[in-house]
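**Student:** I'd like to ask some things about the structure below.
Residue numbers (the working numbering): 1445 to 2276.
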């Protein structure tokens, strides 16, 4: 085997060993990991410079140096940046990112453009750097590393929406900055349009193209991963290939941004891991990528810092330019944090940010691996002016070093001064309550253990003393009411989310239902944290709201008569409501006693009331569907029990195998049979939305009085529809556009003088068609209401040639008017 190859392998192994020591050093010195990695890279870079200048052999470092020099900055980016960005994308909560996509894009793109323009303008004015070179430097330093700030946010329990906003903004910020740098670099090399419009067009095209390609690649990977739920190695292998394959295809074949493509592919696959893959598989994939990203993040910094002395010309740095770069970056970030973020919060499109968090975000805008790698790439580009590229690369690297060795080490001091370090008050409340509860139980457990083992001990207290509990000022009795509620809700929502994950892992709920169920608990907890009890109650009520796909299906069914989307939407709603009700019943039964561990009785009572209200709402929603579609409800509940039984059967076979009562071959065959039966129950049963118009018309006395010709014409003109509970079929004051024949369900007619309930066979809405007046009453669906609608145009066409139909409708309208005035009706068969 080649000695050069062995030296390269040995060099990388040696660097990994050095990287492995950095967490231990960080724990003892409180220095950030990125700073330690940068320091390691500088040491190796100086050694590499000595090696190159003196031709001294430094085995095995020599092989590593030669390999990195051959790779260059672009090679380091291509090798280590995809896994770094991909892992970060996988862990992003895409539901929150989509909800905040507008502020995230605004912050990401505005931050990049603003930083670039401020830095570039300052450099042009102070040191007269050429405009395009100044813009290139501005793009290089526009990348940020939010890891330090995000670690603080998670430690102090900052709102999840704020964390998602910063994480998403930084992820897309890096992608946008790299795309802008690439566009400017093309112009510097004479390959692009030097005008602002040309650079902007190139930026937009490569950014959007990379996003589309990444989303498509991530979607295809998600389909493959979702189908391999029983083979975790397939999911991990696909995830390992995806970022590199996406990056190469984007850059090599489409000439678009590979970085953006990697980010989008990670976001899409991450969504699949969160909603479509069993938790055990998702954890395996995320654990793998956590380790890979840790290595990549360290190696990209070490490698870039190692190359810096070899690629950058050793010239005196212009201190005025460096000051402009540092100040420009800080001012740009201050504008984003103190002007743009508050403006977005004012319009309710972003989470509000408190003053301490703003200062932490401002000083925590570190530049790290990406900035250094781009600077090295620029410095090594032999097609550019040597003096200018050296000057720009040195200032970019100097800024990165400033943030890593000045801002990063002083950030903990700032956090301590702002009161953002250590446990939050809520965490101390939880810690105190948990400590008291555990010690109260631990004594009995130790005494029981000593008794069963017949051990001699002086006192159980010798084994259960856990130290002094914090001062009573932090006790739950003195804690803020909101904090006690947060503690209680946090304790319940995590358990609820775990139940949903287990249901999907067991194959009991469908993929689409699992995606909806997984979102609920976090939404409730965040609503309480950010906006209090009123927001929590509102979020709980929205759980039984109708989703936009179901409403879209309803609209299509009404307008076009196509019921497939609506049937799927109703089936999915039934499954979600059924599963959530089952979990809520279990939570209310099992967790009530445990709430006392982390909160007081008042907060526990409030949480129990909330669970009861949620359970009642889901019970009502379930009953409404059962009444309307009893056959479907029976089939779906049977399917649920079948899949639960199959899961239990699989567990029993596993137990027999573990006990040695079943051999491997027989176990595999039995498991295969269980899997086949489970696949047979995979599809949701369908809801039959078809309406027997003839049978329905026979239930309406008015129609029975029509001749055959009129009944046949009326039947052809009617179109079926469905109203969901609480929906207004008719709104008071609107112009009449249709009358309705109720097939099934009940609706309430509400006018100022009274109220009446309509049922199957009733007709409503004819007065406005006959008189041309505006609606005089509201008609609201009390449950699911199936109806047949006769539009205004069809009504006029039919009544123009069918005298008996016109007479019957006119009589109905007259009866309604007499009833509204309190006079006896000629007929009691309808109401409006």
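Think of the CB as a built atom: it goes at the ideal place given N, C-alpha and C, for glycine as much as any other residue.
What's the call for residue 1791, buried or exposed, on a 16-neighbour Cβ count within 10 Å?
**Tutor:** Classification for residue 1791: exposed.
**Student:** With residue 1775 and residue 1551 assumed to form a contact (beta carbons below 8 Å), what rounded beta-carbon distance in angstroms separates them?
**Tutor:** Contact doesn't hold; Cβ gap of about 16 Å is too wide.
**Student:** Is there contact between the region 1734-1747 and the region 1519-1528, where contact requires at least three CB pairs shorter than 8 Å?
**Tutor:** With the cut-off at 8 Å, the region 1734-1747 and the region 1519-1528 touch.
**Student:** Could you spell out where the alpha helix (DSSP H) holding residue 1643 opens and where it closes?
**Tutor:** Note, residue 1643: alpha helix (DSSP H), 1640-1671.
**Student:** CB residue 1734 to CB residue 1531, shorter than 9 Å?
**Tutor:** The answer is yes: Cβ separation under 9 Å.
**Student:** Assign residue 2214 to buried or exposed, taking buried as 16 or more other Cβ atoms, counted over all protein chains shown, within 10 Å of its Cβ.
**Tutor:** Buried, since its Cβ has 16 or more Cβ neighbours within 10 Å.
**Student:** Any idea which residues DSSP pairs residue 1425 with across the strands?
**Tutor:** A query on residue 1425 cannot be resolved here, the shown segment of the chain reaching from 1445 to 2276 and no further.
**Student:** Following the continuous alpha helix (DSSP H) through residue 2098, name the residue where it begins and the one where it ends.
**Tutor:** 2074-2102 is the extent of the alpha helix (DSSP H) around residue 2098.
**Student:** Excluding the 5 residues flanking residue 1533 on each side, which residues of the same chain have their C-beta closer than 7 Å to its C-beta?
**Tutor:** Result list for residue 1533: 1615, 1707, 1710, 1711, 1714, in chain order.
**Student:** State whether the region 1719-1737 contacts the region 1554-1567, with contact taken as three or more CB pairs (one from each stretch) at a distance under 8 Å.
**Tutor:** The region 1719-1737, when compared against the region 1554-1567, does not touch it at the 8 Å Cβ threshold.
**Student:** Work out the CA separation of residue 1662 and residue 1808 for me, nearest whole Å.
**Tutor:** Cα to Cα, residue 1808 sits roughly 31 Å from residue 1662.
**Student:** Does the region 2206-2221 come close enough to the region 2243-2254 to have 3 or more Cβ pairs within less than 8 Å?
**Tutor:** A contact exists between the region 2206-2221 and the region 2243-2254.
**Student:** Look up residue 2258 in the DSSP assignment and say whether it is helix, strand or coil.
**Tutor:** It is helical.
**Student:** Are residue 2005 and residue 1796 closer than 9 Å when you measure CB to CB?
**Tutor:** For residue 2005 and residue 1796, no; Cβs fall outside 9 Å.
**Student:** With a CB to CB cut of under 6 Å and the five nearest residues on each side skipped, what residues in its chain are close to residue 1587?
**Tutor:** So the list reads 1618, 1621, 1814, 1815, once near-sequence residues are dropped.
**Student:** Output the boundary residues of the beta strand (DSSP E) element that contains residue 1782.
**Tutor:** Run containing residue 1782: none; DSSP gives neither H nor E here.
**Student:** Under three-state DSSP, which class holds residue 1853?
**Tutor:** The answer is helix: DSSP assigns residue 1853 an H, G or I state.
**Student:** Which residues in the same chain have their Cβ closer than 6 Å to the Cβ of residue 2065, if we skip the five residues on either side of it in sequence?
**Tutor:** Only 1988, 2021 meet the Cβ criterion.
**Student:** Just to confirm my understanding: we take residue 1633, look at its own chain, exclude 5 residues before and 5 after, and list those with CB closer than 6 Å. What are they?
**Tutor:** 1827.
**Student:** Helix, strand or coil for residue 2002? Go by DSSP, reduced to three states.
**Tutor:** Three-state result, residue 2002: helix.
**Student:** Alpha helix (DSSP H) containing residue 1814: first to last residue?
**Tutor:** Looking at the DSSP string, the run of the alpha helix (DSSP H) that includes residue 1814 is 1813-1823.
**Student:** Starting from residue 2185, follow its DSSP beta bridges and name the residues at the other end.
**Tutor:** DSSP lists 2207, 2232 as partners of residue 2185.
**Student:** According to the neighbour-count rule (16 or more other Cβ atoms, all chains shown, within 10 Å of its Cβ), is residue 1769 buried or exposed?
**Tutor:** Result: buried.
**Student:** Do the region 1676-1683 and the region 1634-1648 make contact, defined as three or more Cβ pairs closer than 8 Å?
**Tutor:** The region 1676-1683 vs the region 1634-1648: no contact.
**Student:** To which residues of the same chain is residue 2151 closer than 8 Å at the C-beta, ignoring the five residues directly before and after it?
**Tutor:** 2248, listed in sequence order.
**Student:** Between the alpha carbons of residue 1577 and residue 1556, how many angstroms are there, rounded?
**Tutor:** Using only the alpha carbons, I get a separation of about 16 Å.
**Student:** So, for residue 1568: in the same chain, excluding its five sequence neighbours on each side, which residues have a beta-carbon less than 7 Å away from its beta-carbon?
**Tutor:** If we look at residue 1568 and ignore the five residues flanking it on each side, its Cβ neighbours are 1575, 1578.
**Student:** Skipping 5 residues on each side, what residues in its chain have a beta carbon closer than 6 Å to that of residue 1589?
**Tutor:** So the list reads 1810, 1812, once near-sequence residues are dropped.
**Student:** Can you check DSSP and say which residues form a bridge with residue 2165?
**Tutor:** 2231.
**Student:** Whole angstroms are fine: how far does the CA of residue 1956 sit from the CA of residue 2107?
**Tutor:** Near 36 Å, if we compare the C-alpha coordinates of residue 1956 and residue 2107.
**Student:** Closest by CA to residue 2227, which one among 1538, 2170, 2235?
**Tutor:** Among 1538, 2170, 2235, the Cα nearest to that of residue 2227 belongs to 2170.
**Student:** For the alpha helix (DSSP H) that contains residue 2016, what are its first and last residues?
**Tutor:** Segment 2008-2034, the alpha helix (DSSP H) holding residue 2016.
**Student:** Per DSSP, what are the beta-bridge partners of residue 2195 in this structure?
**Tutor:** DSSP, once it has assigned bridges, lists 2198 as partnering residue 2195.
**Student:** Any idea what DSSP makes of residue 1544, helix, strand or coil?
**Tutor:** DSSP places residue 1544 in coil when its eight states are reduced to three.
**Student:** From residue 2167 to residue 2080, what does the alpha carbon distance come to, in whole angstroms?
**Tutor:** So the alpha carbons of these two residues sit roughly 22 Å apart.
**Student:** If you compare alpha carbons, which of 2243, 2054, 2068 is closest to residue 2014?
**Tutor:** Residue 2068 is the option with its Cα nearest to residue 2014.
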